[in-house]
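To convert, count from 1 in the sequence shown and add 8; that's my numbering.
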Amino acid sequence: MQSLNKLAAVDKWRKMPKKKGTVKSVTLTKTGNIRVTFEDNSKAYVLKKNKNLFEVAEKLKQNDVISIATRRYLGKMYCTRIVKK
């Protein structure tokens, strides 16, 4: 059963849309979430209720190269994983 759970977890991350690029800006939205804008003007949001990702996103600077896994909801991309390269 454990190996089945491992395979399911790996498959979950593999299917998620991913984005890699250079950070253009990191701004706060009016609701307190963080908006990360990439060089190609695509945006991804980090929700403040996700404490671990929120801390990582606060430390991001302009021209950092990051890779993110996202989840789409109502046309917006929300971060589920951030990896700084």
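Quick reminder that beta carbons are idealized off the backbone N, C-alpha and C, glycines included.
query	result
CB contact flag (T37, V73, <8 angstroms)	no
Cβ pair F62, K69 closer than 8 angstroms	no
Per DSSP, the bridge partner or partners of T78	C87
Helix, strand or coil at K28 [DSSP, three-state]	strand
Identity of the residues DSSP links to V34 by a beta bridge	V44
Distance CB(R79)-CB(M9) smaller than 8 angstroms	no
C-alpha distance - A52 paired with T45, whole-angstrom precision	7 angstroms
Bridge partner(s) assigned by DSSP for A52	V44
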